[in-house]
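J.: Chains as they are written, first to last, in our numbering: chain A, 1 to 213; chain B, 1 to 146.
Here a beta-carbon is modelled for each residue, glycine too, at the ideal position from N, C-alpha and C.
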Amino acid sequence: MGNVNIIIDGKKVRVREGSTILEAAEANGITIPTFCNIKGLLPTGVCRVCVVEVQGSKTLVGSCHTPASEGMLVFTRTPRVVATRKVIVELMLTGHTGDCVNDPNAENCKLHNLASDYEVGAPRFNVKTPRFYPAEESNPYVRRDLSKCILCRKCVKACQDLARKNVLSIGYRGFRSKVVSGFDEELTAEACRDCLICIEHCPTGALGKPVKV
Amino acid sequence: MSDKKKTTAGGESGAGLLSKLKSEVERKNYLSRETMAGVAGQSDLPLNSVYGVASFYAYLPVFPVGKNVIKVCNCLPCEMKDVPAVVEGISREIGIGPGQTTPDGKFTLELVSCIGACDQAPAMMINDKLYGDLTAEKIAGILKSY
């Protein structure tokens, strides 16, 4: 496969044909935020925070799933891009409930980090029923606190394609969407062993090691 | 792209999953855990994949439902044509709210995503039959035939 030349934020970049805009940017020291992308796996393109402006495109495009093509002019931090990312993060924060909203030590939460980078304040959207699920503590290897889940699907993909276990899926639809195991049960120790791959990939505090008491 | 691993929901083994689930619902009214486990085994899929698919669709109930399932469209066009009044009319008639089943097991009332009858909004389906241009007043007459 040949190479393509594109320009990202004024920087001339040469990448292998078939690379995504995100890959091209990362390889050249340009940072684009993302929640749902796992390097080396097919992109899902669900979180939308990696959107960028491409000259000639009416809409912003997801950089994690848009291949770089010859002569493409990409802008990763225009006012339009920043304004869009802010609203996306704000929407995610709306469904990201639980104690971490008020937790000053929520430094491991990438969503909160990005929210503070982009100066997103408290979300202005009111929801009829806040997204709340009790934290699941029964599994000896993984603690799931799905109120904090932003449905990036990384755990589903990591479990399926990296751990080759496939114990997680997305269930229900719309506001009720949720990562489920089995028949929407708590993760059992038989289904989920101690590979911890999902914890490693979770961008928020939804998946973590069990809290030792 | 050849170095990338392929991700599909179940891949090849997921083929025909929806039609299998649908025929199980037709036979047994809803998808019990045993039924879903059976389909998962046949299709070589994990339980979570089958449950994930089934729970997405209002037409594939994963909990026991009444003999007749009333699916009221809850999308924007129906909402604009005052679907809440229709739901209220149904609730008055059979005494249950959305997500509930009458004690005699005759009706289950559900709010569902678009049923593709926006031209007749507000619309609902009872089992496989479509009812459009609804008003709260029309409800009693319709329900009487069940």
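To the nearest whole angstrom, what separates the beta carbons of residue 34 of chain A and residue 22 of chain A, a pair I think is in contact under 8 Å?
T.: The residue given as residue 34 of chain A occupies position 34 in the first sequence. The residue given as residue 22 of chain A occupies position 22 in the first sequence. The Cβ separation is near 7 Å, so the contact holds.
J.: Check the Cβ of residue 146 of chain B against every Cβ in chain A and list those closer than 8 Å, keeping chain order.
T.: Here residue 146 of chain B refers to the residue found at position 146 when the second sequence is read from its first residue. In chain order: nothing, as chain A lies at least about 27 Å away.
J.: Using a Cβ-Cβ distance under 8 Å, would residue 28 of chain B count as near chain A?
T.: As a working mapping, residue 28 of chain B is identified with position 28 in the second sequence. By this cut-off, residue 28 of chain B is not an interface position.
J.: Should residue 181 of chain A and residue 196 of chain A be called a contact, given that it needs their Cβ atoms to be closer than 8 Å?
T.: Along the first sequence, one-based indexing puts residue 181 of chain A at 181. Along the first sequence, one-based indexing puts residue 196 of chain A at 196. No, Cβ-Cβ distance for residue 181 of chain A and residue 196 of chain A is not below 8 Å.
J.: Residues of chain B with CB under 8 Å from residue 168 of chain A, in chain order?
T.: The sequence position of residue 168 of chain A within the first sequence is 168, counting from 1. The answer, in chain order, is 48.
J.: Does the separation of the CB atoms of residue 76 of chain A and residue 38 of chain A fall below 8 Å?
T.: In the first sequence, residue 76 of chain A corresponds to position 76, counting from 1. In the first sequence, residue 38 of chain A corresponds to position 38, counting from 1. No, the Cβ-Cβ distance between residue 76 of chain A and residue 38 of chain A is not below 8 Å.
J.: How would you list, in chain order, the residues of chain B whose beta-carbon sits under 9 Å from the beta-carbon of residue 57 of chain A?
T.: One-based indexing of the first sequence puts residue 57 of chain A at position 57. Within chain B, no residue comes near residue 57 of chain A; the closest Cβ sits about 21 Å away, beyond 9 Å.
J.: Please list, in chain order, the residues of the stretch 167-191 of chain A that have any C-beta partner in chain B closer than 8 Å.
T.: The stretch 167-191 of chain A vs chain B, Cβ under 8 Å: 167, 168, 169, 170, 171, 172, 173, 174, 180, 181, 182, 183, 184.
J.: So does the stretch 41-52 of chain B actually touch the stretch 96-107 of chain B, counting three or more Cβ pairs closer than 8 Å?
T.: No: the two stretches stay apart, fewer than three of their Cβ pairs being nearer than 8 Å.
J.: Do residue 71 of chain B and residue 112 of chain B count as a contact pair if the criterion is CB distance below 8 Å?
T.: To locate residue 112 of chain B, count along the second sequence from 1; it is residue 112. To locate residue 71 of chain B, count along the second sequence from 1; it is residue 71. Closer than 8 Å, so yes.
J.: What would DSSP say about residue 75 of chain A, mapped onto helix, strand or coil?
T.: Position 75 of the first sequence, counted from the start, is the residue given in the question as residue 75 of chain A. Strand, per DSSP.
J.: Given residue 175 of chain A, which residues of its chain have a CB within under 6 Å of its CB, disregarding the five upstream and five downstream residues?
T.: Counted from its first residue, the first sequence places residue 175 of chain A at position 175. Excluding residues within five positions, none has a Cβ falling inside 6 Å.
J.: Give me, in chain order, the residues of the same chain whose beta-carbon lies closer than 6 Å to that of residue 44 of chain A; leave out the 5 immediate sequence neighbours on both sides.
T.: Within the first sequence, the letter at position 44 stands for residue 44 of chain A. 36, 153.
J.: Would you identify the three-state DSSP class for residue 148 of chain A, choosing helix, strand or coil?
T.: Here residue 148 of chain A refers to the residue found at position 148 when the first sequence is read from its first residue. Correct three-state label for residue 148 of chain A: helix.
J.: Below 8 Å between beta carbons: does that hold for residue 52 of chain A and residue 81 of chain A?
T.: The residue labelled residue 52 of chain A in the question sits at position 52 within the first sequence. The residue labelled residue 81 of chain A in the question sits at position 81 within the first sequence. Yes; because the gap between Cβ atoms is below 8 Å, this pair is in contact.
J.: Please go through the same chain and pick out, in chain order, the residues whose beta-carbon is closer than 8 Å to the beta-carbon of residue 51 of chain B, but skip the five residues on each side of it.
T.: Here the question's residue 51 of chain B lines up with position 51 in the second sequence. Same-chain partners within the cutoff: 36, 62.
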